[in-house]
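For the record, the sequence lines run as chains A and B.
In case it helps, this note's numbering puts the first sequence at residues 1205 to 1554.
In case it helps, this note's numbering puts the second sequence at residues 32 to 299.
For each residue, glycine too, the CB sits at the ideal point set by N, CA and C.
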Amino acid sequence: MAPALQFEDLVPPPGDAVTALKFAPTSSSKLLVSSWDTNVYLYDIAQTEINQSPLITKFKHQAPVLDVCFGDDDSVAYTASADRCVNRIDLETGQISVLSKHGAIACAVVYSAAHGILVSAAWDSTLHIHNIRDPSSSPVRVALPGKPHALAISPSKMVVAMTGRIINIYDLNAMRDLLSAGGGDLKPWQQRESSLRYLTRAVACMPNDAGYATSSIEGRVAVEWFEDTAESQARKYAFKCHRQPAPDGDGDIVYPVNALVFNPVHGTFASGGGDSSIALWDAEAKRRLRQYLKLPNNVAAMDFSNDGKYFAIATCPGFETGQEDYSGAGLTNVQFRILGDNEAKGKSSK
Amino acid sequence: MGKKKRGGHPDIEEILGRPWCYYCERDFEDLKLLISHQKAKHFKCDRCGRRLNTAGGLSVHLNQVHKETLEQVENALPNRQGLDVEIFGMEGVPADVLESHRSRLIQNFYQAQEDRRLATGNPLPGQTQSTRKKITIETAEELKARLAEWREKRKNGGAMEDVTATTTASHPGFSQQPFGDNIPSRPPPGVPFGLPQRPGDGVAPQADDIDNLIRMAEARAAADAGDAAAKASKKDKEKKGRMIYDDADTSPEERIAALPRYAYAAAA
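Here is the structure:
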């Protein structure tokens, strides 16, 4: 296991800390990065191979952008911004239009291309479900039992992690039925208590639709399966990670695990933490595959490209308890590496 | 007197006492190393990396966990791949295999010893050097007579050079011998003296040194791994973590969003 695995910088980096980083659904080298500096950056890694600047363009918002995701193809993106808006960006024309407005800062957006559904979450404990197939329809508002912190989508499910360790799993087909009925009450397919004792930081769904992983502010990752049978639930587990022995030798310093992402090809997943490190895990075999070289800063966001070729990460200073001020300006980096054929491959899938 | 160790060549008891692996015939410093070798090389599950204690254990593991059957032992010599023998460390090795291994070791040992003797001209351990010049024991009268003879020669001058020259040539270790009143202490018996090592001799001990180095490194690595594992498990139990961010209700993003720097004037 070679630990010396380098990442390459994408220059210029975003002007401030990164909130999300997403690869395009079609082109494997295009990615969107949302930032606190109110911009969304569109990069194309392939440009670096011909010595061109990878930054294609940026899209200025009214307020910091907290999340971004691609739409049906590489030309449409959706964002959640601090001005409470859910926005649609036409990446070709640069036109930004507001789809809906929450009662508080919108913190997350996910899109299911198969269902044509865009879901946004906001800190007023609501979800907005948008029918992208029918642009004239107004979004359906769904109340959540807690303040949402992370959203993740699988081919058939959506997972919402909230305060109070509540995790709701919604069925996307039920969501579509709700949209075609024009409204009503959306019941979660399942409501669970988080396996982690502390605030959930990130959620990611397995590409094979079997389950999901959650991470918390207390250096821990849990892996669970959707299937609600005793056997499936018995398989769930949690483990500690992203910790460092304290310099004074007394206990560990425990970092939040900010980012989780599954590899779409191999089904393994990566975790990125406040300890400035990234590890690759095999959820099935319960093993760590590799740990990357220490990065200059806290890992804020990560994503694998759709074909599993690229692995991109965003680093910026981490936010600590008691911190009075915060700025990621000048200290934020977006980096990528081209994965080796077996780099993210699980050991069991030999 | 304790056992004398010299020259980096272990004696036959030491060699025969070393534990060795039935599957690949490799030998080890101690049983612990052998067992960890077997777990890593021969009883490791290639599906999940789990290290079992025996081939039978691996077979059951593969069967139950991965629904596969173990065909043969990995990394084993062609005639040792079978699953019919249950090996754990040195236990379970069939008597005939033990005997043939033993006799091969003995044969190799004496062959190597003979080769070394031929290569270096050194005597076998425990044997006196037959080629060495015998020290003649002279009576006091004989010594005195010789001394007188030598003084006579010295008085004559020139002859002296001749005498020392011949002495040096015939037995270099005793170049001082002619000076009767200054006899050097005898070298310890059995140690060849004055003979420089022949270049050809360097090969064998060097190879052995490398083997020893490798084994020492192995032993150290194994010990380190053990320590690390022990430390890790201790840490889990004893140490309490200090969290970098410990707010159970508010996410770091909410905190950042609340800062004046990022606050959005909700005028719009």
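| query | Once you ignore the five residues that flank R133 of chain B on each side, which residues in its own chain have a CB closer than 7 Å to its CB? | reply | Position 102 of the second sequence, counting from 1, holds the residue named residue 133 of chain B. Closer than 7 Å at Cβ, skipping near neighbours: L47.
Rounded to whole angstroms, what's the CA-CA distance from E1428 of chain A to V1469 of chain A? Just pull it up for me. On the first sequence, position 224 is the one that residue 1428 of chain A refers to. On the first sequence, position 265 is the one that residue 1469 of chain A refers to. Cα-Cα distance, rounded: 19 Å.
- Query: Who are the near neighbours of S1232 of chain A in its chain, counting only those whose CB is closer than 8 Å to its CB and skipping five residues on each side?
  - Reply: Translated into positions along the first sequence, residue 1232 of chain A becomes position 28. Answer for S1232 of chain A: S1509, N1510, D1511, K1513 and Y1514, listed in chain order.
8 Å Cβ cutoff, M121 of chain B in contact with chain A:
Position 90 of the second sequence holds residue 121 of chain B. Chain A contact via Cβ: absent.
**Asked** Should R291 of chain B be labelled buried (16 or more other beta-carbon atoms within 10 Å of its own) or exposed?
**Response** Here residue 291 of chain B refers to the residue found at position 260 when the second sequence is read from its first residue. According to the sequence provided, residue 291 of chain B is Pro. The question's Arg does not apply to it. Classification of P291 of chain B: exposed, given that the 10 Å Cβ count is below 16.
Quick test of your reading: V1461 of chain A and G1423 of chain A, contact by CB under 8 Å. State the CB separation rounded to the nearest angstrom. Position 257 of the first sequence, counted from the start, is the residue given in the question as residue 1461 of chain A. Position 219 of the first sequence, counted from the start, is the residue given in the question as residue 1423 of chain A. Correct: roughly 6 Å between the Cβ atoms.
Nearest-angstrom Cα separation, counted from E1253 of chain A out to I1293 of chain A: Position 89 of the first sequence, counted from the start, is the residue given in the question as residue 1293 of chain A. Position 49 of the first sequence, counted from the start, is the residue given in the question as residue 1253 of chain A. Each residue's alpha carbon lies about 27 Å from the other.
_If I measure Cβ to Cβ from S282 of chain B and keep anything under 8 Å in the same chain, skipping five residues before and after, which residues do I get?_
To locate residue 282 of chain B, count along the second sequence from 1; it is residue 251. The answer is none, since no qualifying residue turns up.
| request: Measure the CB-CB distance between V1425 of chain A and A1442 of chain A and report whether it falls below 8 Å. | output: Position 221 of the first sequence, counting from 1, holds the residue named residue 1425 of chain A. Position 238 of the first sequence, counting from 1, holds the residue named residue 1442 of chain A. Yes, Cβ-Cβ distance for V1425 of chain A and A1442 of chain A is below 8 Å.
Compare the C-beta of A1489 of chain A against all C-beta atoms of chain B and say whether one is closer than 8 Å.
Against the first sequence, residue 1489 of chain A aligns to sequence position 285. True, the Cβ-Cβ gap to chain B drops below 8 Å.
Review point. Is any beta-carbon of chain B found at less than 8 Å from that of Q1394 of chain A?
Key: Stepping through the first sequence from its first residue, residue 1394 of chain A is reached at position 190. Taking Cβ atoms only, chain B never reaches closer than 8 Å to Q1394 of chain A, which makes this a no.
* **Beta-carbon spacing of Q1395 of chain A, D1432 of chain A below 8 Å** => Counting from 1 along the first sequence, the entry for residue 1395 of chain A is found at position 191. Counting from 1 along the first sequence, the entry for residue 1432 of chain A is found at position 228. Cβ atoms of Q1395 of chain A and D1432 of chain A: not closer than 8 Å.
Does the beta carbon of R82 of chain B sit closer than 8 Å to a beta carbon anywhere in chain A?
For the purposes of this step, residue 82 of chain B is identified with residue 51 of the second sequence, where counting begins at 1. Not an interface residue.
_Any beta carbon from chain A within less than 8 Å of E285 of chain B's own beta carbon?_
Here the question's residue 285 of chain B lines up with position 254 in the second sequence. Closer than 8 Å: yes.
- Item | Sheet register partners of V1461 of chain A (DSSP bridge) | Here residue 1461 of chain A refers to the residue found at position 257 when the first sequence is read from its first residue. Its beta-bridge partners are A:G1477.
Next item on the list: Compute the distance between the beta-carbons of L1390 of chain A and S1420 of chain A, then report whether it is under 8 Å.
Entry: Numbered from its first residue, the first sequence carries residue 1390 of chain A at position 186. Numbered from its first residue, the first sequence carries residue 1420 of chain A at position 216. Contact flag unset, no.
Q) Where does P215 of chain B fall in DSSP's three states? A) Working through the second sequence from its first residue, we reach residue 215 of chain B at position 184. For P215 of chain B, the pLDDT reaches just 49, beneath the cut-off of 50, and the residue's location in the model is therefore unreliable, although a value from the coordinates is still provided. If DSSP states are grouped into helix, strand and coil, P215 of chain B belongs with coil.
* **Exposure of Y141 of chain B, with buried meaning 16 or more beta-carbon neighbours within 10 Å** => Within the second sequence, numbered from 1, the residue matching residue 141 of chain B stands at position 110. Under this definition Y141 of chain B is an exposed residue.
Going by C-alpha to C-alpha distance, which of A:F1263, A:K1498 and A:A1378 sits closest to Q1299 of chain A?
Indexing the first sequence from 1 puts residue 1299 of chain A at position 95. Ranking the options by Cα distance to Q1299 of chain A, first place goes to A:F1263.
**Prompt:** Rounded to the nearest angstrom, how far is the Cβ of A1221 of chain A from that of V1244 of chain A, given a contact under 8 Å?
**Reply:** As a first step, residue 1221 of chain A must be located in the first sequence, where it is residue number 17. As a first step, residue 1244 of chain A must be located in the first sequence, where it is residue number 40. With 8 Å as the limit, A1221 of chain A and V1244 of chain A do not qualify as a contact, their Cβ atoms being about 14 Å apart.
_CB of T1223 of chain A within 8 Å of CB of L1259 of chain A, strictly_ = Sequence index remark: in the first sequence, residue 1223 of chain A carries index 19 (1-based). Sequence index remark: in the first sequence, residue 1259 of chain A carries index 55 (1-based). Cβ atoms of T1223 of chain A and L1259 of chain A: not closer than 8 Å.
So, is the C-beta of I1321 of chain A closer than 8 Å to a C-beta in chain B? On the first sequence, residue 1321 of chain A is found 117 positions in, with the first residue counted as 1. Answer no: the Cβ-Cβ gap between I1321 of chain A and chain B never drops below 8 Å.
**Item:** C-beta neighbour in chain A for S131 of chain B, strict 8 Å
**Value:** By one-based count along the second sequence, residue 131 of chain B stands at place 100. No - not a single Cβ of chain A is within 8 Å of the one on S131 of chain B.
For P1449 of chain A, which residues of its own chain have a beta-carbon under 7 Å away from its beta-carbon, when the five flanking residues on both sides are left out?
On the first sequence, position 245 is the one that residue 1449 of chain A refers to. Result list for P1449 of chain A: D1456, in chain order.
Going along chain B, which residues have a C-beta under 8 Å from A1592 of chain A?
Past the boundaries of the shown model lies residue 1592 of chain A; chain A is included only from 1205 to 1554, so the question cannot be answered.
Notebook entry, point to check: Given N1412 of chain A, which residues of its chain have a CB within under 7 Å of its CB, disregarding the five upstream and five downstream residues?
Noted result: Against the first sequence, residue 1412 of chain A aligns to sequence position 208. Here the set comprises G1471.
message = Just verifying my parser: in three-state terms, what is the DSSP assignment at S1316 of chain A?
response = In the first sequence, the residue the question calls residue 1316 of chain A occupies position 112. DSSP places S1316 of chain A in strand when its eight states are reduced to three.
Are the C-beta of P1268 of chain A and some C-beta of chain B separated by less than 8 Å?
Here residue 1268 of chain A refers to the residue found at position 64 of the first sequence. Yes - at least one Cβ of chain B is within 8 Å of the one on P1268 of chain A.
Distance check for I168 of chain B and A179 of chain B, CA to CA, integer angstroms please. The residue labelled residue 179 of chain B in the question sits at position 148 within the second sequence. The residue labelled residue 168 of chain B in the question sits at position 137 within the second sequence. One C-alpha to the other measures close to 18 Å.
Fill in: Option in A:K1226, A:T1261 and A:I1482 with minimal Cα separation from P1216 of chain A
Taking the first residue of the first sequence as position 1, residue 1216 of chain A is located at position 12. For P1216 of chain A, the nearest C-alpha among the options comes from A:T1261.
Measure the Cβ-Cβ separation of I287 of chain B and Y1530 of chain A and say whether it is below 8 Å. By one-based count along the second sequence, residue 287 of chain B stands at place 256. By one-based count along the first sequence, residue 1530 of chain A stands at place 326. The answer is yes: Cβ separation under 8 Å.
Put H73 of chain B into one of helix, strand or coil per three-state DSSP. As a working mapping, residue 73 of chain B is identified with position 42 in the second sequence. Residue state, collapsed to three classes: coil.
Anything in chain B within Cβ reach of P1460 of chain A, meaning under 9 Å, just list it in chain order. Taking the first residue of the first sequence as 1, we reach residue 1460 of chain A at position 256. Correct list: M274, I275, Y276 and P283.
Item to check | Among B:E99, B:E183, B:F119 and B:S131, nearest to T85 of chain B - alpha-carbon criterion | outcome: Counting from one through the second sequence, the residue named residue 85 of chain B turns up at place 54. Out of B:E99, B:E183, B:F119 and B:S131, B:F119 has the C-alpha closest to the C-alpha of T85 of chain B.
Query raised in the report: What residues of chain B sit near S1240 of chain A, judged by a beta carbon separation below 8 Å?
Result: Locating residue 1240 of chain A in the first sequence gives position 36, where the first residue counts as 1. Looking at the sequence provided, one finds Trp at residue 1240 of chain A rather than Ser. Under the 8 Å cutoff, chain B gives I287 and Y293.
Secondary structure at G120 of chain B, three-state DSSP: helix, strand or coil?
Within the second sequence, numbered from 1, the residue matching residue 120 of chain B stands at position 89. Residue state, collapsed to three classes: coil.
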